[in-house]
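In my numbering, the protein residues as written are 1185 to 1371.
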C-alpha cells in the first residue's frame, strides 16, 4: 500500500513539476531561440548591407574627383538658387546679355511629395525641382546662343516656357525674352 501511495505521490509531483517548472522553462527557451534566430537574421542582413556598401564605395572610388564634381553640378544634393543664378549670369555675360527680374518658385508641398499621374494616383519622385523665371533683352541670335550654352551646361534644366516680345518699334533687332526654366536636385 505504501508503494502505491508513494508511486502516486511521485507521479503527482512529477506532473506538477512538469506543469509548473519544465513547461514554462521550455517556453522561455523556445522564445529565446526565436529571438536568437531573429538576431542571426538581422546580423546576416547587416553583413549583406556592409558588403553592398563596400561594393558601392569601391565603385564610387573609381570615379575621378573631377567626374564627381561634374555629377554634383549636374544633379546636386541640395538647391542653391544663388549659385544657379550666378552660373546662368556667367553664361549670359559671354554674349553681353544681362539677366533681369529673376524669381525662384519652389513647388508647393503636396507637389513635392508626389506627382499626380493620369489615373489620379500619386508617385513619389526621387528628385525635387524648382522653377526659375528671368528676363533678358538681346537679339534673337544672341539669345539662341545663350540657350545652346544653357542646354550644354552641366546643370540639368528644362525650358518650361518662353515668351518673346519686341522691345520697341524703333529698335527692331532687340527683343525681351521671358524665360521659365525648371531645374532639379536630389533631396
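Just so you know, even glycine gets a beta-carbon here, dropped at the ideal spot from N, CA and C.
Leaving out the 5 sequence neighbours to the left and right, which residues in its chain are closer than 8 Å to residue 1311 when beta-carbon positions are compared? Sequence index remark: in the chain shown, residue 1311 carries index 127 (1-based). For residue 1311, where only same-chain residues beyond five positions count, the Cβ hits under 8 Å are 1259, 1368, 1369, 1370, 1371.
Which first and last residues belong to the beta strand (DSSP E) in which residue 1237 is found? Within the chain shown, the letter at position 53 stands for residue 1237. Looking at the DSSP string, residue 1237 is not in any beta strand (DSSP E); the run it does join, the alpha helix (DSSP H), is 1207–1245.
Using the rule of at least 16 other Cβ atoms within 10 Å of the residue's Cβ for burial, across every protein chain shown, is residue 1344 buried or exposed? The residue given as residue 1344 occupies position 160 in the chain shown. By the neighbour-count rule (16 or more Cβ atoms within 10 Å), residue 1344 is not buried but exposed.
Residue 1201 versus residue 1210: straight-line alpha-carbon distance, rounded: Taking the chain shown and counting its residues from 1, the one referred to as residue 1201 is at position 17. Taking the chain shown and counting its residues from 1, the one referred to as residue 1210 is at position 26. Distance between the alpha carbons of residue 1201 and residue 1210: 12 Å.
Is it a yes or a no for the region 1223–1243 touching the region 1276–1292, going by three-plus beta-carbon pairs under 8 Å? Using a Cβ-Cβ distance cut-off of 8 Å, the region 1223–1243 and the region 1276–1292 are not in contact, since fewer than three pairs of beta carbons, one from each stretch, lie closer than that value.
Use the C-beta contact count for residue 1318: other C-beta atoms within 10 angstroms, 16 or more gives buried, fewer gives exposed. Position 134 of the chain shown, counting from 1, holds the residue named residue 1318. Buried is the label assigned to residue 1318, since at least 16 other Cβ atoms lie within 10 Å of its Cβ.
Could you have a look at residue 1278 and say whether DSSP puts it in helix, strand or coil? The residue given as residue 1278 occupies position 94 in the chain shown. Of the three classes helix, strand and coil, the one that applies to residue 1278 here is coil, per DSSP.
Name the DSSP beta bridge partners of residue 1318, please? Stepping through the chain shown from its first residue, residue 1318 is reached at position 134. Beta-bridge pairing links residue 1318 to 1363.
With distances taken Cα to Cα, identify the nearest neighbour of residue 1364 among 1223, 1286, 1338. Residue mapping note: residue 1364 aligns to position 180 of the chain shown, counting from 1. Nearest option by C-alpha distance: 1286.
Are the CB atoms of residue 1330 and residue 1289 nearer to each other than 9 Å? By 1-based counting over the chain shown, the position of residue 1330 is 146. By 1-based counting over the chain shown, the position of residue 1289 is 105. Their beta carbons are not under 9 Å apart, which means residue 1330 does not touch residue 1289 by this criterion.
Compare the C-alpha of residue 1338 against each of 1199, 1256, 1244, 1349 and name the closest. Here the question's residue 1338 lines up with position 154 in the chain shown. For the residues 1199, 1256, 1244, 1349, the minimum Cα distance to residue 1338 belongs to 1256.
Indicate the three-state DSSP secondary structure (helix, strand or coil) for residue 1284 in the structure shown. On the chain shown, residue 1284 is found 100 positions in, with the first residue counted as 1. In the structure shown, residue 1284 adopts extended strand secondary structure according to DSSP, grouped into three states.
By alpha-carbon positions, which one of 1333, 1340, 1325 ends up nearest to residue 1357? Within the chain shown, residue 1357 is the residue found at index 173, counting from 1. With distances taken between Cα atoms, residue 1357 lies closest to 1325.
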